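Only one structure is covered here, and it is reproduced in the block below.
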């Protein structure tokens with residue numbers, strides 16, 4: 114086995130590294146294993162543990178699509194702006210609710226998509242304002 118501090122080979126049953134003096138036994142005790150478990154909810158809400166992360170992912174994709182439509186339109190279209198705001202809100206709302214641990218990455222990716230949509234929205238508004246002011 115290798116020492117966690119200096120990286121030199123040491124015997125398996127050694128508790129202190131002879132090279133650097135690192136205490137391997139204390140290091141092993143300090144390591145924590147974090148185990149995430151699914152939240153406990155009523156049986157009537159079990160399906161929502163699966164639905165919420167998936168919905169956050171879907172609404173995140175829809176917010177990016179609506180932001181692309183908003184950015185590519187010539188002028189500010191209120192429908193695209195309303196879609197963008199509502200899909201982004203629904204993404205964050207569903208991502209903040211409890212969900213299954215294995216599906217948590219879907220909610221996180223949905224939030225990333227929503228952040229991109231917000232960035233596109235800010236880009237469009239600033240670009241249009243600066244274009245009107247300076248060009």
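Numbering (my numbering), first residue to last: 114 to 248.
Virtual Cβ for every residue (Gly too), placed ideally from N, Cα, C.
Since the structure is predicted, the reported quantities are computational estimates derived from the model, not experimental observations.
List the endpoints of the continuous alpha helix (DSSP H) containing residue 222. Locating residue 222 in the chain shown gives position 109, where the first residue counts as 1. For residue 222, the enclosing alpha helix (DSSP H) starts and ends at 217 to 247.
Cut-off 7 Å between Cβ atoms - residues of its own chain near residue 140, not counting five sequence neighbours on either side: Looking up residue 140 in the chain shown gives position 27. Once the five neighbours on either side are set aside, the close Cβ partners of residue 140 are 117.
Opposing strand residues paired with residue 153 [DSSP bridges]: One-based indexing of the chain shown puts residue 153 at position 40. Under DSSP, residue 153 takes part in no beta bridge, so it has no partner.
CA nearest to the CA of residue 204, picked from 222, 122, 240 and 215: Within the chain shown, residue 204 is the residue found at index 91, counting from 1. For residue 204, the nearest C-alpha among the options comes from 222.
Bridge partner(s) assigned by DSSP for residue 138: Counting from 1 along the chain shown, the entry for residue 138 is found at position 25. Per DSSP, residue 138 has no beta bridge partner at all.
Please state the DSSP three-state secondary structure of residue 189. The count along the chain shown starts at 1 and reaches residue 189 at position 76. Residue 189: coil per DSSP, three-state reduction.
Using a 10 Å radius around the Cβ and a threshold of 16 neighbouring Cβ atoms, would you call residue 226 buried or exposed? On the chain shown, residue 226 is found 113 positions in, with the first residue counted as 1. Residue burial annotation: residue 226 is buried, with at least 16 other C-beta atoms found within 10 angstroms of its C-beta.
Residue 129 in three-state terms, based on DSSP: By 1-based counting over the chain shown, the position of residue 129 is 16. In the structure shown, residue 129 falls within a strand segment according to DSSP collapsed to helix, strand and coil.
Same chain, Cβ closer than 7 Å to residue 174, five either side skipped, listed in chain order: Translated into positions along the chain shown, residue 174 becomes position 61. Contacts found: 226.
Between the CA atoms of residue 237 and residue 160 - distance to the nearest angstrom: Counting from one through the chain shown, the residue named residue 160 turns up at place 47. Counting from one through the chain shown, the residue named residue 237 turns up at place 124. Straight-line Cα distance between these residues: approximately 38 Å.
Roughly how many angstroms separate the alpha carbons of residue 247 and residue 194, rounded to a whole number? As a working mapping, residue 247 is identified with position 134 in the chain shown. As a working mapping, residue 194 is identified with position 81 in the chain shown. Approximately 24 Å between the Cα atoms of the pair.
Reference residue 167, options 241, 214 and 228, closest by Cα: In the chain shown, counting from the first residue as 1, residue 167 sits at position 54. Shortest Cα-Cα distance from residue 167 to any of 241, 214 and 228 involves 214.
Here's the rule I'm using: 16 or more other beta-carbon atoms within 10 Å means buried, otherwise exposed. How should residue 243 be labelled? As a position in the chain shown, residue 243 is number 130, starting the count at 1. When all chains shown are included, residue 243 counts as exposed.
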